[in-house]
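Worksheet: one structure, shown below.
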DNA sequence: GATGAATGAGTTTTCATTCAT
DNA sequence: CATGAATGAAAACTCATTCAT
């Protein structure tokens, strides 16, 4: 808040830091009250700045959600990068699952549902969500391919099985007050294990064929 | 659902039929634009009536969403009942999965995401979602228990594995333009099959224990 | 409610009786919630009839208030007439004061305030109020003149002193929860007594002359 | 109240001055059309600002009326204080009567009736009115006690006689187009004079006892 | 006559966005 | 740069009034 501190922020990366700060505030507000029940005044109060000032960093309220969705996406990428730098691919895979599913906070889950819901009406958000999904799919299939221990392993099919399960864990975390993700995560890990070994418990006789 | 039935209901249906009619309109609007971008004017136009008239049937806009969530819940129960009357338990289980997951429309999926999201800020909706989940859990575990072909079958654990998967299918249907639920449904059926036989591909060594 | 009873009402004085019935309902509603917080639906429910039907007897909601104000006025006249038929002028004067001030109900007082307030914005009501005041003034001055026991009695000046006092009693009855009108009524009677005897405690040296 | 003072307040007055400004506008509107026929748009136009801006200073339309009632109450207290500072108690008493009854404007009277009427349905207003009455009662009885010239003076009884008279003057000012309060005020002064001397023309034989 | 469902203009209130300071 | 007062265009909701039955 001091003039000196402000000057420092302004000089180098001030713009970006301010955006981050606003996104933090927005995240807190959106998790608490959802996107549509949070006003720009709320964000401003939470961020400790004036409403008008937010518009110096984001074109509109919608742009804030978009920024939030994008940050979530980028954070996933950054975590992956860090985990891969720190260890092997298997560790990265397990780390991602640990962080994004086993240890997911209700806040994160709620925010994700909020973004998915917003994608239904905001094409920019929808595009961001699709891009995010695409990046995840790409990384997972590549990682699974690299970790395969059997030529019968089909990374694409495996990720096809993992995808809904992962999203479902997030939903349950968001909507069920006492949900414990541990069993589902264990199931997810079992699924991965089986898939990497090429024995994905798959389709068999599909009884609901039309 | 047929045009004829609709006409009969409209002609002399009274209070309940009007509510249904409004809920149909609301569903169309909410799927198209989401809850918060749909105005009461929109609903009224879609329903072919005046805005004020909607308030004869629903106390508020929130009550419309709640009514929609409740109708979805009740429809599930009704479908279950019909399927059980028409055939055996296995048929009912497969029928539910066919209808709610394999053949799910994007509209239904979007509406579901909308309701889940709304549960984050509307306690009435949250209660309705929890109730709905509870009813589903109860029916599935009972049905699975009845269909078990091995004493090792654990219906509660099995439903714990199925739950996120089912919700994830709905999410993917809602957010991914070209999503085909068939593979995931096949996976779900395989999971059920295995679970009923008591060979649920379970926890094993949990590698992400903290 | 029976067809026969309805027919009887219709044949003779039905119109007037229905108006009275509606005015009763309106009075109850207006006392409870005031004119502006009472809806035509409220009146209809209270009157046990449909909203639309009220419009067969009153042109508009405003006409109902006007009708109520007029009925209050007419009732005063009728009471006066009855009292004068039953006894002497002094008895009539005391009877009016007993009924309209000593034994005034909170409901009546509230209704009166409601009408006075409505006169501020509805010219028809204002005219009715003025007419009502005029009739009262006329009757009181004539009666006071007839009852005078001294040639020094000035009925006009006396009524000028009584008027505000009487209205003030009504106001206090309406706005003060535990108001007891007895002392003020006693004062009013003392004032009349003195006035009739020509010793009205009047102006003396007016210290606030401008 | 002077144009100069108003300008000063407007220029750099902040929150409180803006509230005053809005209350002035509200007063004008309410006197002209009554509370229920004045819209927030009307207030805004009269105040020379946007409707939304009023809500920065008042929570709701009801809060505006409450603010107005409170300002009237406070103004009375302030006038009393000023008069007492400027002169003796007798002067204060006469000054209040001069200002609030002899020189009362139709606007003030109408506003008062509006507030009394509103008290019938708004509990906050009712509480404010009761509080206001209580303050008046307290000040008058204390002042009368101090001014008593005879041990027989009963300030409580005296105020009991004055109260309705004072309110009645306001009513007549509000509802009678050509009302001149002078005679009634003279009567009021006579009453006070008599009361202070302990010869209140009181109850005597109450002829309407039941 | 009577009903009550329906209308739709009008009202309060909110809030994203702007802009003078 | 930053503020926060101000805007004004919606939006939810109400209710006097109408009219098909």
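Protein chains in written order, with this note's numbering: chain A, 115 to 324; chain B, 115 to 324; chain C, 115 to 324; chain D, 115 to 324. Backbone N, C-alpha and C fix where the C-beta goes; we use that ideal spot for every residue, glycine too.
Residue i at chain B interface by Cβ criterion, 8 Å
i	result
residue 167(A)	no
residue 253(A)	no
residue 174(A)	no
residue 218(A)	no
residue 203(A)	no
residue 162(A)	no
Proximity below 8 Å, CB of residue i to CB of residue j
i	j	result
residue 242(A)	residue 187(A)	yes
residue 204(A)	residue 261(A)	yes
residue 211(C)	residue 145(C)	no
residue 249(A)	residue 191(A)	yes
residue 306(A)	residue 218(A)	no
residue 232(B)	residue 172(B)	no
residue 151(C)	residue 235(D)	yes
residue 239(C)	residue 183(C)	yes
residue 282(D)	residue 163(C)	no
residue 304(D)	residue 315(C)	yes
residue 229(D)	residue 230(C)	no
residue 213(D)	residue 193(D)	yes
residue 215(B)	residue 272(B)	no
Chain C contact for residue i (CB, 8 Å cutoff)
i	result
residue 258(D)	no
residue 269(D)	no
residue 182(D)	no
residue 178(D)	no
residue 194(D)	no
Proximity test, Cβ basis, 8 Å: residue i and chain D
i	result
residue 298(C)	yes
residue 154(C)	no
residue 289(C)	yes
residue 210(C)	no
residue 141(C)	no
residue 228(C)	yes
residue 136(C)	no
residue 282(C)	yes
Minimum Cβ-Cβ distance from residue i to chain A less than 8 Å
i	result
residue 266(B)	no
residue 279(B)	yes
residue 320(B)	Bear in mind that the predicted position of residue 320(B) carries a pLDDT of just 44, short of 50, making it unreliable; the figure below should be weighed with that in mind. For residue 320(B), the answer is yes, since a Cβ of chain A falls inside 8 Å of its Cβ.
residue 308(B)	yes
residue 263(B)	no
Coarse secondary structure for residue i, derived from DSSP in three states
i	result
residue 163(D)	coil
residue 135(C)	helix
residue 305(B)	helix
residue 237(B)	helix
residue 264(C)	coil
residue 97(C)	Only positions 115 to 324 of chain C appear in the structure, and residue 97(C) is not among them; the question remains open.
residue 199(A)	helix
residue 252(C)	helix
residue 152(B)	coil
residue 297(A)	helix
residue 172(C)	coil
residue 313(B)	coil
residue 157(B)	helix
residue 292(B)	coil
residue 218(B)	coil
Residue environment, residue i, which counts as buried when at least 16 other CB atoms sit within 10 Å
i	result
residue 169(B)	exposed
residue 252(C)	exposed
residue 141(A)	buried
residue 287(D)	buried
residue 206(B)	buried
residue 245(B)	exposed
residue 130(B)	exposed
residue 139(C)	buried
The stretch 269-278 of chain D in contact with the stretch 211-225 of chain C per 3-pair CB rule at 8 Å: no
Looking at C-beta atoms only, is the number of pairs between the stretch 167-181 of chain D and the stretch 141-158 of chain D that lie closer than 8 Å three or more? yes
Specify whether the stretch 261-271 of chain B and the stretch 304-311 of chain B touch according to this definition: at least 3 beta carbon pairs, one from each stretch, less than 8 Å apart. yes
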